[in-house]
Amino acid sequence: MINVENLTKTYGQARGINDISFNVAKGEIIGFLGPNGAGKTTTMRILTCFMPATSGKASVAGYDVFEDSLNVRRKIGYLPESVPLYTDMQVPVYLKFVAGLKGLPRKQINSRVGEMMEKVGLTHMAHKFVGELSKGYRQRVGLAQALINDPEVLILDEPTIGLDPRQIIEIRSLIRGLGGERTIILSSHILPEVSMLCERIIIIDEGRIKAMDTPDNLMSQLHSVARVQAKIAGPKDLVLEGLKKIGGVHSVDFKGSAASGTNSYTVEFVDGFDGAHLIPRLASEQKWDLYELTPAKMSLEDIFIKIVTDEEVHV
Ligand SMILES: Nc1ncnc2c1ncn2[C@@H]1O[C@H](COP(=O)(O)OP(=O)(O)OP(=O)(O)O)[C@@H](O)[C@H]1O
Ligand SMILES: [Mg+2]
Numbered sequence: 206m207i208n209v210e211n212l213t214k215t216y217g218q219a220r221g222i223n224d225i226s227f228n229v230a231k232g233e234i235i236g237f238l239g240p241n242g243a244g245k246t247t248t249m250r251i252l253t254c255f256m257p258a259t260s261g262k263a264s265v266a267g268y269d270v271f272e273d274s275l276n277v278r279r280k281i282g283y284l285p286e287s288v289p290l291y292t293d294m295q296v297p298v299y300l301k302f303v304a305g306l307k308g309l310p311r312k313q314i315n316s317r318v319g320e321m322m323e324k325v326g327l328t329h330m331a332h333k334f335v336g337e338l339s340k341g342y343r344q345r346v347g348l349a350q351a352l353i354n355d356p357e358v359l360i361l362d363e364p365t366i367g368l369d370p371r372q373i374i375e376i377r378s379l380i381r382g383l384g385g386e387r388t389i390i391l392s393s394h395i396l397p398e399v400s401m402l403c404e405r406i407i408i409i410d411e412g413r414i415k416a417m418d419t420p421d422n423l424m425s426q427l428h429s430v431a432r433v434q435a436k437i438a439g440p441k442d443l444v445l446e447g448l449k450k451i452g453g454v455h456s457v458d459f460k461g462s463a464a465s466g467t468n469s470y471t472v473e474f475v476d477g478f479d480g481a482h483l484i485p486r487l488a489s490e491q492k493w494d495l496y497e498l499t500p501a502k503m504s505l506e507d508i509f510i511k512i513v514t515d516e517e518v519h520v
């Protein structure tokens with residue numbers, strides 16, 4: 206449904222994105238994950254024909270985004286990063302205007318606008334002008350305009366940003382419900398959000414794709430790295446030094462002290478080696494009390510940080 210080949214965008218001297226390639230199948234929900242300035246919005250702007258790429262190819266629903274932009278725009282619902290809204294229109298008036306622009310049959314417009322306002326929780330704001338709305342409510346109007354013509358492809362740039370917690374839950378379930386039939390690309394900084402909503406995650410950093418896989422595979426990819434959490438009562442500096450000297454230890458992080466006088470450390474071993482049993486041995490030799498030794502699971506957040514900081518991890 207979406208094909209992207211070697212897409213590059215430079216802003217003068219500055220790098221936007223560099224040689225990005227990926228495909229999205231019909232009905233798939235894909236998440237762009239990456240830190241600020243990674244290139245998520247740039248990629249989305251090119252796909253939605255908002256601006257041209259410097260080089261490379263991209264197509265949506267079989268239409269080339271450079272040559273056939275009108276057809277591409279017809280297929281796509283786009284929630285941009287900063288939602289441009291007509292501030293002097295009342296909410297339903299604005300949505301009716303957008304629905305008309307998008308070619309919705311006149312007879313369907315009223316009921317569709319009502320339905321969308323209900324879906325994104327805007328019904329009680331019907332009398333307000335767009336300019337009077339708070340940030341979260343404007344975001345809801347942005348979502349409603351992206352969804353109004355029930356497009357086949359949805360490109361949502363940080364769809365839950367600025368929403369309150371209850372609305373975040375509702376919008377996430379709305380997005381999840383849209384998958385299957387529609388093809389969705391969304392971007393987020395929120396790791397649990399992408400792992401919850403998306404079948405595949407594309408991790409972007411510094412304009413390049415660092416990893417592209419299912420949330421499960423991204424997790425298991427790094428499971429060969431053993432990490433444990435150790436709670437030890439003993440002189441912190443000596444314990445840190447001792448743990449670092451254990452053969453096969455890659456890194457040791459001090460995690461904090463408890464009132465009981467114990468300190469917590471995270472010990473990570475080199476790839477493919479699990480030396481957790483060496484920690485009790487060291488503690489007993491040094492006469493430190495070992496209170497706890499538990500496996501530390503890698504969260505998606507850790508994987509994200511590892512992938513964007515560790516040059517050795519490639520997919
Ligand atoms: N109009 C522009 N002119 C010059 N440089 C730009 C422009 N838009 C983006 N960039 C640069 O391109 C890079 C990618 O930016 P982009 O907005 O795509 O990042 P992002 O992943 O969406 O980040 P964020 O999470 O902050 O939204 C950044 O280095 C940014 O400074
Ligand atoms: Mg962005």
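For reference, each letter of the sequence shown is one residue, going 206 to 520 in our numbering. Glycine included, C-beta positions come from ideal geometry on N, C-alpha and C.
For the alpha helix (DSSP H) that residue i lies in, which residues bound it at each end?
i, result
"Glu473", "Where Glu473 is concerned, there is no enclosing alpha helix (DSSP H), although the beta strand (DSSP E) it sits in stretches over Asn468 to Phe474."
"Tyr299", "Val296 to Leu306"
"Glu311", "Strictly speaking, residue 311 in this sequence is Arg, with Glu absent from that position. That run of the alpha helix (DSSP H) goes Arg311 to Lys324."
"Met401", "Leu396 to Leu402"
"Thr246", "Lys245 to Leu252"
"Val346", "Lys340 to Leu352"
"Ile484", "Leu483 to Gln491"
"Leu275", "Ser274 to Lys280"
Taking just the CA atoms, how far does residue j sit from residue i?
i, j, result
"Ile510", "Ile409", "11 angstroms"
"Arg220", "Thr248", "12 angstroms"
"Glu517", "Ser393", "Reliability fails at Glu517, whose pLDDT of 45 lies under 50, so the model's placement of it is uncertain and no value is given."
"Leu445", "Glu490", "15 angstroms"
"Thr215", "Asp269", "20 angstroms"
"Lys450", "Phe474", "11 angstroms"
"Asn223", "Glu210", "11 angstroms"
"His482", "Lys415", "33 angstroms"
"Cys254", "Pro285", "12 angstroms"
"Val318", "Tyr342", "15 angstroms"
"Gly347", "Tyr283", "9 angstroms"
"Ile225", "Gly367", "28 angstroms"
"Val520", "Asp362", "With a pLDDT of 37 at Val520, under the threshold of 50, the predicted position of this residue should be treated as unreliable, and no value is reported."
"Leu443", "Val457", "12 angstroms"
"Gly384", "Arg371", "21 angstroms"
"Ser378", "Val325", "11 angstroms"
"Leu423", "Ala501", "16 angstroms"
"Glu437", "Asp494", "A small fix is needed here, since residue 437 is Ile in this sequence, not Glu. Each residue's alpha carbon lies about 6 angstroms from the other."
"Leu391", "Pro364", "7 angstroms"
"Ile373", "Gly382", "14 angstroms"
"Asn315", "Thr471", "58 angstroms"
"Ile207", "Arg432", "38 angstroms"
"Thr419", "Leu402", "11 angstroms"
"Gly480", "Leu487", "11 angstroms"
What span of residues does the beta strand (DSSP E) with residue i cover, start to end?
i, result
"Asp494", "Asp494 to Pro500"
"Asp293", "Counting along the chain, Asp293 falls outside any beta strand (DSSP E), and DSSP gives it neither H nor E."
"Arg220", "Ala219 to Val229"
"Glu210", "Ile207 to Tyr216"
"Ile407", "Arg405 to Asp410"
"Met417", "Arg413 to Asp418"
"Gly447", "Unbroken run through Gly447 is the alpha helix (DSSP H), Lys441 to Lys450; no beta strand (DSSP E)."
"Arg387", "Run containing Arg387: none; DSSP gives neither H nor E here."
"Ala263", "Ser260 to Val265"
"Asp458", "Val454 to Ser462"
Count the other CB atoms, across all protein chains shown, that sit within 10 Å of the CB of residue i; report buried if there are 16 or more and exposed otherwise.
i, result
"Met322", "buried"
"Lys245", "buried"
"Ile484", "buried"
"Pro289", "exposed"
"Phe227", "buried"
"Lys460", "exposed"
"Glu497", "exposed"
"Gln218", "exposed"
"Lys492", "exposed"
"Gly447", "buried"
"Pro440", "exposed"
"Gln313", "exposed"
"Ala351", "buried"
| said: Which residues end up in the neighbourhood of ligand 2 when you take C-beta atoms closer than 7 angstroms to any of its heavy atoms? | reply: Lys245, Thr246, Glu286, Asp362, Glu363 and Ser392
Q: Please confirm if the region 297–314 is in contact with the region 337–344, defined as three or more CB-CB distances below 8 angstroms between the two stretches.
A: Taking 8 angstroms as the limit for Cβ pairs, the verdict is that the region 337–344 does not touch the region 297–314.
Margin query: Contact between the region 227–239 and the region 387–399 is defined here as three or more beta-carbon pairs at a separation below 8 angstroms; is this criterion met?
Written below: yes
Notebook entry, point to check: For the region 328–335 against the region 303–311, are there 3 or more C-beta pairs whose distance is under 8 angstroms?
Noted result: no
> Can you find at least 3 beta carbon pairs, one from the region 259–268 and one from the region 276–293, that sit closer than 8 angstroms?
Replying inline: Yes: the two stretches touch, three or more of their Cβ pairs being nearer than 8 angstroms.
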